[in-house]
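Numbering (the numbering used here), first residue to last: -19 to 308.
Have a look at this one:
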């Protein structure tokens, strides 16, 4: 009988080796993925960390096939993924800080706004931003937070509660009314459903400009890919507002409906630093509450130093609250 010889280790698993190489190139060149068709570039970048899950799968296949070529090919995606996200695996928090800021999309359909207000009041936040405030629940939050936060301001569906005085509050246009019908809406309607504000918090170390924003939602479907036009327009408008800000110290709090790896936020991330990346522990995924897969709730800073960043316990919302401690 003729003995069947097995391929040499370097010749085994060519498909696995090719897949490992493609994964590495995708991670390495994600910024070059075109976005015109299905907004593919933003879609990939939104969930970019999760592509790392393919690495152990491919490694298991390479070991099972005893493929030297596939094992070596995996060095590329492993190296690139660690370069992109390895820093998030370590706890970068440090003690200290002058101010605690918290942001939470409280959810318009939150069944327990009173309980959410109690939880947030007990969070230790000095400055608390809320997004997706419904007209029905607004008074509940105002009542539940009044004792802890003597100062607050609300513009449309976003608000800021503070232990420190507020001044120079004004709306920020996040382009929720972009399009031919936007300008036709009455001012009263626009104000009621506004989703951005800017105010000054008076600290003992000087003024702090705080922005609160809730950008447009995104949708993913097989025919259109990632639909994010309204969100992207809001991100550009918000970046312009921050660029024009004259106050040295700036904090942006809000539900931006996107991860900071997404190219749509380049205008913001070129000016502001994500607190989670600088001083957090892990990825800090905040949505959806039941099984978080993305950090779309953000704390971005300029002119101050994040000391720590973390997630707060779940409330009645479908988002998790995000928190950070900052210092001068």
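Note that beta-carbon positions come from the ideal geometry of N, C-alpha and C, so glycine has one too.
Local conformation of residue i per DSSP, three classes
i	result
residue 286	strand
residue 35	helix
residue 186	strand
residue 161	Low confidence applies to residue 161: its pLDDT is 40, below 50, so where it sits in the model is not reliable, and the reading given next is rough at best. Coil, per DSSP.
residue 260	strand
residue 85	strand
residue 114	coil
residue -10	helix
residue 14	coil
residue 380	What is shown of the chain runs -19 to 308, which leaves residue 380 out entirely.
residue 30	helix
residue 107	strand
residue 90	coil
residue 278	strand
Same chain, Cβ closer than 7 Å to residue i, five either side skipped, listed in chain order
i	result
residue 42	-7, -4, 50, 51, 54
residue 283	228, 229, 230
residue 8	60
residue 47	-11, -8, -7, -4, -3
residue 163	Only weak support exists for where residue 163 lies, its pLDDT of 48 falling under 50; the value from the coordinates is given anyway. No residues qualify anywhere along the chain.
residue 104	80
residue 265	272, 273, 274, 275
residue 263	29, 68, 275
Beta-carbon proximity of residue i to residue j, cut-off 8 Å
i	j	result
residue 280	residue 253	yes
residue 301	residue 82	yes
residue 65	residue 274	no
residue 140	residue 182	no
residue 259	residue 303	no
residue 235	residue 111	yes
residue 255	residue 225	no
residue 114	residue 94	no
residue 208	residue 239	no
residue 287	residue 74	yes
Burial state of residue i, where buried means 16 or more other Cβ atoms lie within 10 Å
i	result
residue 210	buried
residue 147	exposed
residue 155	buried
residue 37	exposed
residue -10	exposed
residue 267	buried
residue 277	buried
residue 250	exposed
residue 11	exposed
residue 136	buried
residue 19	buried
Beta-carbon contacts of residue i that lie in its chain and below 6 Å, excluding the five residues immediately before and after
i	result
residue 99	295
residue 193	154, 176, 218, 234
residue 3	34, 57
Heavy atom of the ligand NAP within 7 Å of residue i beta-carbon
i	result
residue 64	Absent from the structure shown: the ligand NAP. Ligands present: none.
Legend entry - Given 8 Å, three or more beta-carbon pairs between the segment 206 to 221 and the segment 105 to 123: Contact between the segment 206 to 221 and the segment 105 to 123 is absent, because fewer than three Cβ pairs lie under 8 Å.
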